[in-house]
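Next comes the structure, spelled out in structure tokens:
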């Protein structure tokens with residue numbers, strides 16, 4: 001008794017050129033129909049490469065991926081130091097202008113006071129002269145502290161608003177640097193700009209030592225992004241355009 005072909009239990013004639021399903025190599029898809037692959041789907045770009053997360057340092061070579069900007073170059077500490085020097089010159093000129101105005105006002109107030117030494121100490125004119133001198137001295141101190149206040153406000157607005165709204169100070173603009181949010185690639189905004197400004201400012205209260213440490217802190221960054229403590233707190237990174 002013959003059992004025949006187990007793949008053809010009904011005894012129907014077989015086409016010798018027809019390959020049985022489930023055996024042999026995988027069948028080729030008809031022309032024009034994409035063949036299904038195996039394994040994980042490939043991402044666009046280099047074959048087998050997957051996109052890196054924003055902020056990922058690339059082989060510690062000075063380039064980083066920033067969302068919305070792609071691969072950008074991290075600003076070197078030399079360029080950042082040079083930009084800081086340019087900003088220092090710009091702020092110094094502003095200091096000089098405001099200080100000159102304050103000194104001129106104080107000198108004018110001092111000259112307007114009459115010399116009391118030639119007057120009779122028992123006279124009412126002498127007492128009036130002393131009162132005028134006291135008011136003049138008070139005006140000089142008021143002008144001095146007023147200039148300091150104006151300088152502080154001007155420095156704050158320069159550093160804070162330029163970084164927040166423009167992404168760069170004059171020094172950074174001159175050297176082609178800008179500050180961006182690491183997770184978006186956009187400008188730091190008022191909040192990020194303020195955080196980035198206030199941390200060095202608070203550090204300057206301790207005899208300037210804290211300020212120096214903040215500005216040197218990018219050297220301590222082991223990620224290769226040269227982020228200072230103020231950058232990390234604000235979520236920013238300084239890049240080269």
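In UniProt numbering, the protein residues as written are 1 to 241. Where is the CB? At the ideal position from N, CA and C, for every residue including glycine.
On the CB-based measure, 16 or more other CB atoms within 10 Å of its CB, does residue i come out buried or exposed?
i	result
residue 120	exposed
residue 96	exposed
residue 226	buried
residue 234	buried
residue 216	exposed
residue 83	buried
residue 85	exposed
residue 214	buried
Short of 6 Å in beta carbon distance, which residues of its chain neighbour residue i, apart from the five on each side in sequence? Order them along the chain.
i	result
residue 210	203
residue 197	159 and 160
residue 153	none
residue 92	none
residue 174	86
Hey, how far is the Cα of residue i from the Cα of residue j?
i	j	result
residue 179	residue 201	18 Å
residue 149	residue 143	10 Å
residue 155	residue 67	31 Å
residue 61	residue 218	16 Å
residue 87	residue 79	12 Å
residue 162	residue 229	19 Å
residue 141	residue 122	29 Å
residue 207	residue 231	22 Å
residue 135	residue 94	28 Å
residue 212	residue 199	11 Å
On a Cα-Cα basis, can you pick out the residue from the options that is closest to residue i?
i	options	result
residue 194	224, 102, 165 and 170	165
residue 167	216, 241 and 219	241
residue 71	182, 92 and 81	182
residue 101	145, 212 and 174	145
residue 192	238, 212, 222 and 170	238
For residue i, I'd like the list of residues in its chain whose CB is within less than 8 Å of its CB, leaving aside the five on either flank, ordered along the chain.
i	result
residue 63	57, 71, 72, 73 and 74
With a threshold of 7 Å on Cβ separation, who are the neighbours of residue i within its own chain once the five nearest residues in sequence on each side are excluded?
i	result
residue 77	218, 219 and 226
residue 189	164
| request: Ignoring anything shorter than 3 residues or poking outside the region 168-193, list the beta strand (DSSP E) runs there in chain order. | output: The qualifying runs are 177-181.
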